[in-house]
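> Sharing a structure, written as structure tokens. Questions coming.
Number of protein chains: 2
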Amino acid sequence: MKKVLNYVDQNYQRFLTDLETLIRQPSVAAKNEGMRECAQLVAKMMEETGVKAELLEVADAFPIVYGEIQSKKNPDRTVLFYDHYDVQPAEPLELWETPPFEPSVREGKMFGRGVADNKGNLVSRLKLVESWLKTKGDVPCNFKFLVEGEEEISSLHLEQYFEQYSDKFRCDGVVWEFGGVDEEDRPTITLGVKGILYVELEARGPVRDVHSANAAIVDNPAWRLVRALDTLKDQKDHILIPGWYKDVKPFTKEELKYLRAEPLHEKAIKEELGIKSFIGGMKGLEAKKALAGKPTCTICGLVSGWTGPRIKTVLPSKALAKVDFRLVLAQKPKALLGRLKKHLRAKGYGDIIVRELGMEEAARTSPSDPFVKAALEGAKQEYAKPPVVSISSAGTGPMYLFTNILRAPCVCIGVGYPYTRGHSPNENIRIQDFVKATKWMARTIHNFAKMK
Amino acid sequence: MKKVLNYVDQNYQRFLTDLETLIRQPSVAAKNEGMRECAQLVAKMMEETGVKAELLEVADAFPIVYGEIQSKKNPDRTVLFYDHYDVQPAEPLELWETPPFEPSVREGKMFGRGVADNKGNLVSRLKLVESWLKTKGDVPCNFKFLVEGEEEISSLHLEQYFEQYSDKFRCDGVVWEFGGVDEEDRPTITLGVKGILYVELEARGPVRDVHSANAAIVDNPAWRLVRALDTLKDQKDHILIPGWYKDVKPFTKEELKYLRAEPLHEKAIKEELGIKSFIGGMKGLEAKKALAGKPTCTICGLVSGWTGPRIKTVLPSKALAKVDFRLVLAQKPKALLGRLKKHLRAKGYGDIIVRELGMEEAARTSPSDPFVKAALEGAKQEYAKPPVVSISSAGTGPMYLFTNILRAPCVCIGVGYPYTRGHSPNENIRIQDFVKATKWMARTIHNFAKMK
Numbered sequence: 035m036k037k038v039l040n041y042v043d044q045n046y047q048r049f050l051t052d053l054e055t056l057i058r059q060p061s062v063a064a065k066n067e068g069m070r071e072c073a074q075l076v077a078k079m080m081e082e083t084g085v086k087a088e089l090l091e092v093a094d095a096f097p098i099v100y101g102e103i104q105s106k107k108n109p110d111r112t113v114l115f116y117d118h119y120d121v122q123p124a125e126p127l128e129l130w131e132t133p134p135f136e137p138s139v140r141e142g143k144m145f146g147r148g149v150a151d152n153k154g155n156l157v158s159r160l161k162l163v164e165s166w167l168k169t170k171g172d173v174p175c176n177f178k179f180l181v182e183g184e185e186e187i188s189s190l191h192l193e194q195y196f197e198q199y200s201d202k203f204r205c206d207g208v209v210w211e212f213g214g215v216d217e218e219d220r221p222t223i224t225l226g227v228k229g230i231l232y233v234e235l236e237a238r239g240p241v242r243d244v245h246s247a248n249a250a251i252v253d254n255p256a257w258r259l260v261r262a263l264d265t266l267k268d269q270k271d272h273i274l275i276p277g278w279y280k281d282v283k284p285f286t287k288e289e290l291k292y293l294r295a296e297p298l299h300e301k302a303i304k305e306e307l308g309i310k311s312f313i314g315g316m317k318g319l320e321a322k323k324a325l326a327g328k329p330t331c332t333i334c335g336l337v338s339g340w341t342g343p344r345i346k347t348v349l350p351s352k353a354l355a356k357v358d359f360r361l362v363l364a365q366k367p368k369a370l371l372g373r374l375k376k377h378l379r380a381k382g383y384g385d386i387i388v389r390e391l392g393m394e395e396a397a398r399t400s401p402s403d404p405f406v407k408a409a410l411e412g413a414k415q416e417y418a419k420p421p422v423v424s425i426s427s428a429g430t431g432p433m434y435l436f437t438n439i440l441r442a443p444c445v446c447i448g449v450g451y452p453y454t455r456g457h458s459p460n461e462n463i464r465i466q467d468f469v470k471a472t473k474w475m476a477r478t479i480h481n482f483a484k485m486k
Numbered sequence: 035m036k037k038v039l040n041y042v043d044q045n046y047q048r049f050l051t052d053l054e055t056l057i058r059q060p061s062v063a064a065k066n067e068g069m070r071e072c073a074q075l076v077a078k079m080m081e082e083t084g085v086k087a088e089l090l091e092v093a094d095a096f097p098i099v100y101g102e103i104q105s106k107k108n109p110d111r112t113v114l115f116y117d118h119y120d121v122q123p124a125e126p127l128e129l130w131e132t133p134p135f136e137p138s139v140r141e142g143k144m145f146g147r148g149v150a151d152n153k154g155n156l157v158s159r160l161k162l163v164e165s166w167l168k169t170k171g172d173v174p175c176n177f178k179f180l181v182e183g184e185e186e187i188s189s190l191h192l193e194q195y196f197e198q199y200s201d202k203f204r205c206d207g208v209v210w211e212f213g214g215v216d217e218e219d220r221p222t223i224t225l226g227v228k229g230i231l232y233v234e235l236e237a238r239g240p241v242r243d244v245h246s247a248n249a250a251i252v253d254n255p256a257w258r259l260v261r262a263l264d265t266l267k268d269q270k271d272h273i274l275i276p277g278w279y280k281d282v283k284p285f286t287k288e289e290l291k292y293l294r295a296e297p298l299h300e301k302a303i304k305e306e307l308g309i310k311s312f313i314g315g316m317k318g319l320e321a322k323k324a325l326a327g328k329p330t331c332t333i334c335g336l337v338s339g340w341t342g343p344r345i346k347t348v349l350p351s352k353a354l355a356k357v358d359f360r361l362v363l364a365q366k367p368k369a370l371l372g373r374l375k376k377h378l379r380a381k382g383y384g385d386i387i388v389r390e391l392g393m394e395e396a397a398r399t400s401p402s403d404p405f406v407k408a409a410l411e412g413a414k415q416e417y418a419k420p421p422v423v424s425i426s427s428a429g430t431g432p433m434y435l436f437t438n439i440l441r442a443p444c445v446c447i448g449v450g451y452p453y454t455r456g457h458s459p460n461e462n463i464r465i466q467d468f469v470k471a472t473k474w475m476a477r478t479i480h481n482f483a484k485m486k
């Protein structure tokens, strides 16, 4: 084990050079930019590491880069790494201090689109395989890599990939794509994610944008959209769609125990976001409960008519909103989509077009699972401070496919820290985190590989 | 007079070539595109026609192209043509059948941005001067041309120009920038315009767009904007800002007489706009009253967060709405801006930034004014069908500067027809209208010049 850890310490600069190569290849799924090129680059990196790589395909989807390496000594235990090579759009570009696809190292941090979410973790994990092979000539258990290209667009086809390739994906434990340390450098293990229902709402008016003098007699789709949106939530952030909370269960005693123990760096978060308070002035446990278990409804985007400078006096032809509903355990996105449509009809907005752009269920793994214990043990070995357990991320991923369908436990361990600015300009990781997280992962795998 | 009319008939093809030259020069005030180049081109065209031209300037404004020509025989009467060389942005470009700044003639129509609003009228009026000079060696009265560059952005500095140059602008009658025939080719004279208050409302949230997982605890400016907007109007299109209708007066008997007589081609309008009915199913006189005299509140634009394709899970940093309030006679934009701000504060949205982008009062000229009579007489001489009087356009312009400050009557006569698609893609005029309207103008001036 020591040789592996030393190898990481001695070679991490070279690992980071490969990470820079990967960042330089844009891979924006939402814009279909550089996707196949990036998939091929990831496959090439796998092969160079000693992992057998192939591109899996289903119709109209970005390919999955799938990799496998068998352990000679321990072929009965398999860990699967779930990562993704797609990244969020880099806009607004003017807010980046250095160009998003030209990685830049400053003050011990590497900046670039995807460096945290999720190319940093992918490279850390691939390089771990190399570290084992170069020092031991074998890996401690079988590894599988499932690196998809649609994570940032709600893993549109992952369910289809699971139907077609589920045998390939079987494993004894899944390492999730994100993870890291908290504000006080405590290693954090996250055991669940929220679900999502992402829709586009479109109201239509005249066949083209027309002179706004017509407003005296012509209905305005922007007004219809605004009014329809305003029926979805009340002022207290409570979703008004009938039955929305029907399947939501209260936290268990065990969950509440972990929530209480989990730190929340409220002041730091507020400073980072530039806000004075959380919604309704919430604090402490209430905020933690909201992050882990509150269903949300978010306007992610709005567009209608003239959005340029100064004045254009038009009555818009259409108005569009992108709305993201985060879901909690047991909420079923498909059923809720039906409730949303029914609600709009009932409120008189049946003409508004509802386009479903993505659906994922929430997922959670039990804190008492052996894989979780291996990860906690690894954290204690690597870090000075004790690990933190988070029962659920406020974010979303297709974890339910692994936990609910393959029945494999899933842990989130990674190279991140709270201010990576994932999805935002100036996304970054700290290089020290990259090195320590790679070693934490080595220890976790080492612990898990030898468990009976 | 007959010589002048013949000259128009014999030379209109050449007039249209000059109009094409003017359209080819983009002049989008909202985007500061080609503005000075266009002003210089207009001045050059004036000089070539025999009108003495100069650029008037005030700080931070697009220049006014000002032109003058004195009548030798009749130097005591002056008609001022108010036109503008700026045009609306051409977007959305993909809906144009031919490029907006490459004029194209098809089926007796000329297409191009600004061909109707307002370059067609400007060229028609300049060429009228030429027609007189070439046939008579003199003009029937003095002419002034006030061609501004900010009409499409609410004539931002015209009031300032009036403070500085009001002596230049004095006249006995103003011909307004727009006008034309109606759906049944009846010449239409419009005697007023609505006012406007154009504002930008901006709600602010976190310092940058952040991951929408934060929605559990972080307020979303797009929601705040939607909620604030939804307090401005009720479902019946009634503005809810206290005191908004305080100064609004009912129509006079004379106004109602003209409104009743004015045709409204409801079916044709609906077909053109691609809509099934007007707001609340209104019809006939009710719709005409709304167009001429209803204060409106229009969302002209909305933008926030991710507006591209597919999915981006962000909580936006800010949300922006462009809102246009059309005002009627006696409503004061400045006072109403104060009422809007007070309303937002009272509703708990005092944090929303209100930026005033343009203000103009409404204006009307009496149907019994001699200048109006000259125009009606001219219409009867030129057209087979009797003229229609419209007491007010549903649109807006800075007419109050002429009617309320210079105390000059103002008539709207021009080359347009109902489907010019002003402010929209495929803006066009019919060539037959260009020719007839130029002659109608000649007759109007001729009639007015000899009145005592």
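Line by line, the protein sequences are chains A and B.
Residues 35 to 486, numbered by my numbering, are exactly what the first sequence covers, in order.
Residues 35 to 486, numbered by my numbering, are exactly what the second sequence covers, in order.
Think of the CB as a built atom: it goes at the ideal place given N, C-alpha and C, for glycine as much as any other residue.
1. Name the chain A residues whose beta carbon is nearer than 8 Å to that of B:His299?
2. For B:Glu395 versus B:Tyr434, is the C-beta distance shorter than 8 Å?
3. When we look at the beta-carbon of A:His272 and count the other beta-carbons within 10 Å, is it buried (16 or more) or exposed?
4. Mind listing the chain A neighbours of B:Thr332? Cutoff is C-beta to C-beta under 7 Å, in chain order.
5. Please report how far the alpha carbon of B:Glu91 lies from the alpha carbon of B:Trp340, in whole angstroms.
6. Could you tell me whether any Cβ in chain A is nearer than 8 Å to the Cβ of B:Ala124?
7. When you compare the CB positions of B:Ala326 and B:Leu298, do they come within less than 8 Å of one another, or not?
8. Return the bridge partner residues of A:Tyr116 from the DSSP annotation.
9. Please decide whether B:Val337 counts as near chain A, where near means a Cβ-Cβ distance under 8 Å.
10. Which residues of chain A have a Cβ atom closer than 7 Å to the Cβ of B:Leu263, listed in chain order?
11. Give, in chain order, every residue of the region 66 to 96 of chain A whose Cβ lies closer than 8 Å to some Cβ of chain B.
12. Alpha carbons only, please: which of B:Ile479, B:Leu440, B:Arg379 and B:Ser402 is nearest the one belonging to B:Glu197?
13. May I ask you to list the residues that DSSP assigns as paired with B:Pro221?
14. Should A:Leu378 and A:Leu231 be called a contact, given that it needs their Cβ atoms to be closer than 8 Å?
15. Would you tell me roughly how many angstroms separate the C-alpha atoms of B:Ala397 and B:Gly207, rounded to the nearest one?
16. Can you pull out the residues from the region 352 to 365 of chain B whose beta carbon lies closer than 9 Å to at least one beta carbon of chain C?
17. Look up B:Lys267 in the DSSP assignment and say whether it is helix, strand or coil.
18. Show which residues of chain A have a CB atom less than 8 Å away from the CB atom of B:Leu129.
19. Among A:Asn481, A:Arg258 and A:Lys368, which one has its Cα closest to the Cα of A:Val406?
20. How many angstroms separate the CA atom of A:Lys419 from the CA atom of A:Leu410?
21. Can you pull the chain A residues whose beta carbon is under 8 Å from the beta carbon of B:Leu53, in chain order?
22. What residue range does the alpha helix (DSSP H) around B:Trp474 cover?
23. Using the Cβ count rule (16 or more neighbours within 10 Å means buried), how would you classify A:Pro133?
24. With H, G and I counted as helix, E and B as strand and the rest as coil, what does DSSP make of B:Val422?
25. Find the nearest neighbour of B:Ala353 within the set B:Gly318, B:Asn462, B:Ala237 and B:Ile387, judged by alpha-carbon distance.
26. Tell whether a beta-carbon distance below 8 Å holds between B:Val449 and B:Asp467.
27. Counting contacts by CB-CB distance shorter than 8 Å, is B:Lys143 in contact with chain A?
28. Going along the chain, which residues of its own chain have a beta-carbon closer than 8 Å to the beta-carbon of B:Ile313, five neighbours each way excluded?
29. Could you tell me the distance, in whole angstroms, from the CA atom of B:Ala369 to the CA atom of B:Arg48?
30. Among B:Lys287, B:Arg344 and B:Ala355, which residue has its Cα nearest to the Cα of B:Leu235?
31. Compare the C-beta of A:Ala428 with all C-beta atoms of chain B and state if any pair is closer than 8 Å.
32. Could you work out which residue in A:Val282, A:Tyr199 and A:Pro240 is closest to A:Tyr2 when comparing CA atoms only?
33. Answer yes or no: do A:Ala77 and A:Ala87 have a C-beta to C-beta separation smaller than 8 Å?
34. Using the rule of at least 16 other Cβ atoms within 10 Å of the residue's Cβ for burial, across every protein chain shown, is B:Ile24 buried or exposed?
35. Is A:Phe196 helix, strand or coil when you go by DSSP?
36. Counting beta carbon pairs with one atom in the region 283 to 303 of chain A and one in the region 206 to 221 of chain B, are three or more of them shorter than 8 Å?
Reading from the atomic positions:
1. Neighbours of B:His299 on chain A: none; closest Cβ ~12 Å, over 8 Å.
2. yes
3. exposed
4. Ser246, Ala249, Asn254 and Leu349
5. 40 Å
6. no
7. no
8. A:Leu180
9. yes
10. Val260
11. none
12. B:Leu440
13. B:Val215
14. no
15. 14 Å
16. Checking the listed chains, one finds no chain C in this structure; the protein chains it contains are A and B.
17. strand
18. Arg242
19. A:Asn481
20. 12 Å
21. Those do not exist, as B:Leu53 stays about 21 Å from chain A at its closest Cβ, beyond 8 Å.
22. Ile465 to Lys484
23. exposed
24. strand
25. B:Ala237
26. yes
27. no
28. Asp271 and Ala324
29. 48 Å
30. B:Ala355
31. yes
32. No answer is possible for residue 2 of chain A: it lies beyond the span of chain A, which begins at 35 and ends at 486.
33. yes
34. The structure shown does not extend to residue 24 of chain B, since chain B is modelled only from 35 through 486, so no value can be given for it.
35. helix
36. no
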